[in-house]
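The letter at position 51 of the sequence shown is residue 79 when you use my numbering, and the numbering goes up by one with no holes. Backbone N, C-alpha and C fix where the C-beta goes; we use that ideal spot for every residue, glycine too. A short write-up of the structure that comes next.
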Amino acid sequence: MINLHYFRERAGRIIPYIATLYYVEIIYLMFVLNFLIGKIPAVISGVALAFLLSLQSVALFNRNNTGRKIQLFLMDIHFAYSIAFIFSRFFSGFALSGGDIAVTLFRGGAALMELPMIIILTDEFIISRYR
Numbered sequence: 029m030i031n032l033h034y035f036r037e038r039a040g041r042i043i044p045y046i047a048t049l050y051y052v053e054i055i056y057l058m059f060v061l062n063f064l065i066g067k068i069p070a071v072i073s074g075v076a077l078a079f080l081l082s083l084q085s086v087a088l089f090n091r092n093n094t095g096r097k098i099q100l101f102l103m104d105i106h107f108a109y110s111i112a113f114i115f116s117r118f119f120s121g122f123a124l125s126g127g128d129i130a131v132t133l134f135r136g137g138a139a140l141m142e143l144p145m146i147i148i149l150t151d152e153f154i155i156s157r158y159r
């Protein structure tokens with residue numbers, strides 16, 4: 029039997045580690061930006077986003093309530109985008125390359141983790157632990 033209180037006590041420790049999965053999205057964005065606008069803007073945007081994500085992970089680790097709200101916003105946007113991306117990949121009729129399959133699988137896995145984390149971050153018990 030699942031002990032819900034045990035899980036709720038430890039959920040705050042898991043959330044900062046799940047936030048680090050967005051580094052993969054930053055790498056993918058840098059790859060796309062490299063082809064669209066060049067290496068230097070891609071690297072600058074990647075470094076800036078990685079720095080902001082690092083600050084976000086530290087805020088979540090320190091149980092900052094603003095960080096919790098930002099994480100909820102990021103997960104909500106990323107979940108919706110990931111589901112739309114997955115459906116567009118499967119129903120577009122184009123052949124998928126190895127990179128497309130890897131990104132689709134990653135985003136599907138991330139979406140499966142984000143939905144429970146959105147529910148966890150909106151739980152009153154978890155909210156009370158953030159300051």
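Three-way DSSP call (helix, strand, coil) for residue i in this model
i: D24; result: Residue numbering for the chain in the displayed model covers 29 to 159; residue 24 lies beyond these limits and cannot be assessed.
i: L49; result: coil
i: R38; result: helix
i: I159; result: It is worth fixing the name first, because residue 159 is Arg in this sequence and not Ile. Coil.
Span separating the alpha-carbon of residue i from that of residue j
i: A70; j: A78; result: 12 Å
i: I72; j: I65; result: 11 Å
i: F153; j: G74; result: 35 Å
i: R159; j: M141; result: 24 Å
i: G126; j: F118; result: 14 Å
i: D151; j: G136; result: 24 Å
i: Y45; j: H106; result: 16 Å
i: T132; j: I114; result: 6 Å
i: I155; j: R96; result: 8 Å
i: I55; j: E37; result: 32 Å
Spatially closest choice to residue i from the options, by CA coordinates
i: L143; options: G126, T132 and S110; result: S110
i: A139; options: A112, I155 and F122; result: A112
i: S85; options: N62, Y51, M58 and I155; result: Y51
i: L81; options: F134, I98 and I68; result: I98
i: R157; options: T132, T48, E53 and T94; result: T94
i: M103; options: M145, M58, G121 and E53; result: M145
> Which ranges would you report for the alpha helix (DSSP H) in the stretch 48-127 if only whole runs of at least 4 residues count?
Replying inline: DSSP runs (the alpha helix (DSSP H)) wholly in the stretch 48-127: 50-65, 67-89 and 93-119.
> Do the stretch 36-44 and the stretch 83-102 touch if we need at least three Cβ pairs shorter than 8 Å?
Replying inline: Contact between the stretch 36-44 and the stretch 83-102 is present: three or more C-beta pairs spanning the two stretches fall below 8 Å.
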